[in-house]
Amino acid sequence: MSELFDLLVEHPFFKGMSAEQVRVVADTGMPVSYREGETIFSEGGHADACWLLLDGDVALELQTPGHGPQVMQTLHAGEILGWAWMFPPYRWHFDAHVHSDTETIRFDGPRLRNAAEADPVLGYELMKRFTRILVDRMQSIRIQLLDVYSTPR
Amino acid sequence: MHPVPCRVRSVVRELDDTFTLDLEPPSDDWSFVPGQFTMLYAFGVGEVPISISGDPGDPTRLVQTIRAVGPVSDALTSVVAGDVVGVRGPFGTAWPMEFAEGRDLLIMTGGIGLAPLRPAILHTLEHRDRYGNVTLLYGARSPEDLLFADQLQQWRGRFDLEVLITVDHADRMWRGPVGVVTSLINRASFDPESAVALVCGPEIMMRFTIQELERSGMTEDRLYVSMERNMKCGIGLCGHCQLGKFFVCKDGPVLSCAAMTGACWTREV
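Sequence lines, in order, name chains A and B. The first sequence begins at 1339 in the numbering used here and counts up by one. The second sequence begins at 32 in the numbering used here and counts up by one.
Spelled out as structure tokens, the structure:
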């Protein structure tokens, strides 16, 4: 088994998946480093990957006319970056801007999709995990939209 | 229970709408425990409950942090050094500082909720050897809205206190996390099997925080919140601050989630 497999099988995100399922996922991954200031992907670009952040910080940003990039959320070590590779039309919804030097495992989106199509049990395991990410981020954005810390008048 | 006239020693503008008053205490034997509040009276305007935000180890000062949200708090945030305000109290229950001894302590707060927790933080730092890992998770609206920013910076410099701060909105100049305060839980060092959590902030923030802490493995008997209701008398007689079976002014403001048995989730209570 590879170092990457050993890393993934111990990671909370993959907890509950069989060794074979993790091996299939690991086969689509490779270590990639990004320097502070780099852009990993841009809004509207083709969504063909997701990343497990091992170290560093990445900001999800939206460009706003007249105000420059606004940070919607930051992601940190242990978190997953990118879910748009799962759903047509496979376009990024935000920019991913590297806040500090970042170490990642980059997973190939099309290969993951093919693996999920070929093995629906693996596909369901992946869907459960990425749906959890989507739900958590949706809840976060809802709370942020409520602006709960503003002054009540 | 008449208000005792107390002179304002100094006023610090913390944020655009938030001020900290340093008052002469109401009596020579003044003392309070972290979590308590007073009823502050702006003469001729009215009275409001305000959490004590100062050091419980310093009986020579009564420090209160006020956000201007209405006529009385507007009047209280307009005072200057030398003015006199009325004080009743201290009232209410305390954060469970003794119960938390020997355990990890997780302090989660958002917005002006940091003010009622500052006495607990100062107490913890004064008696640091009594606690395990101590972590402060603080969420604010934006980098410009961080309360006690200088003190947060000092605390971040300590090796015996983990301070993680997030904001809801920011541009690229902010180098820290952006997101809700619950997103910091995974980054905090605490044992969910035994840690105690102190939570204070807007009620919606507290509800979601409790859910996330329970998801992390904490149980409601170790989760404490500071509730805010329409406190009037301060001694549990008038009923204005009723929350289920509790009068928040007397039985609270600090309540354990176990004792509340879902009152936090009951609408119109």
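Note that the Cβ used here is the ideal one computed from N, Cα and C, for glycine as well. These figures come from a predicted structure and were not determined experimentally.
I want to see whether chain B comes within less than 8 Å of residue i, judged by CB atoms only; does it?
i, result
"glycine 1461/A", "no"
"glycine 1406/A", "yes"
"isoleucine 1471/A", "no"
"histidine 1437/A", "yes"
"tyrosine 1487/A", "yes"
"threonine 1377/A", "no"
"glutamine 1482/A", "yes"
Give a yes or no on whether 8 Å exceeds the smallest Cβ distance from residue i to chain A.
i, result
"methionine 31/B", "Here chain B has residues from 32 to 300 only, and residue 31/B is not among them."
"aspartate 176/B", "yes"
"aspartate 105/B", "no"
"tryptophan 186/B", "no"
"phenylalanine 239/B", "yes"
"arginine 98/B", "yes"
"arginine 203/B", "yes"
"asparagine 164/B", "no"
"methionine 139/B", "no"
"aspartate 160/B", "no"
"serine 214/B", "yes"
"valine 211/B", "yes"
Where does residue i sit, in a helix, a strand or coil, going by DSSP?
i, result
"tyrosine 1462/A", "helix"
"tryptophan 1423/A", "helix"
"proline 150/B", "helix"
"isoleucine 266/B", "coil"
"proline 1350/A", "helix"
"arginine 1429/A", "strand"
"proline 223/B", "coil"
"cysteine 280/B", "helix"
"glutamine 1482/A", "helix"
"glutamate 243/B", "helix"
With a cut-off of 8 Å on the beta carbons, I'd call residue i and residue j a contact; round off their distance for me.
i, j, result
"tryptophan 126/B", "leucine 229/B", "5 Å"
"cysteine 37/B", "valine 100/B", "With a Cβ gap of about 22 Å, cysteine 37/B and valine 100/B do not count as contacting."
"valine 35/B", "valine 118/B", "5 Å"
"leucine 1390/A", "threonine 1442/A", "6 Å"
"threonine 124/B", "glycine 66/B", "6 Å"
Counting along the chain, where does the alpha helix (DSSP H) carrying residue i start and finish?
i, result
"alanine 290/B", "288 to 291"
"aspartate 105/B", "102 to 107"
Determine the extent of the beta strand (DSSP E) in which residue i is found, giving its start and end residues.
i, result
"arginine 98/B", "93 to 98"
"serine 1371/A", "1367 to 1372"
"leucine 1398/A", "1387 to 1402"
"arginine 172/B", "Where arginine 172/B is concerned, there is no enclosing beta strand (DSSP E), given that its DSSP letter is neither H nor E."
"arginine 44/B", "35 to 46"
Kindly confirm or deny that the region 239 to 256 of chain B and the region 147 to 155 of chain B touch, where touching means at least three C-beta pairs closer than 8 Å.
These segments do not touch.
Below 8 Å, can you find three or more Cβ-Cβ pairs linking the region 124 to 139 of chain B to the region 49 to 57 of chain B?
No contact exists between the region 124 to 139 of chain B and the region 49 to 57 of chain B.
Tell me whether the region 1431 to 1440 of chain A and the region 1463 to 1470 of chain A touch, counting them as touching only if at least three CB pairs, one residue from each stretch, are closer than 8 Å.
With the cut-off at 8 Å, the region 1431 to 1440 of chain A and the region 1463 to 1470 of chain A do not touch.
Are the region 1380 to 1387 of chain A and the region 177 to 196 of chain B in contact at 8 Å, needing three or more beta carbon pairs?
Short answer: they don't touch.
Does the contact criterion of 3 or more C-beta pairs under 8 Å hold for the region 193 to 213 of chain B versus the region 1397 to 1416 of chain A?
Counting Cβ pairs under 8 Å, three or more are found: they touch.
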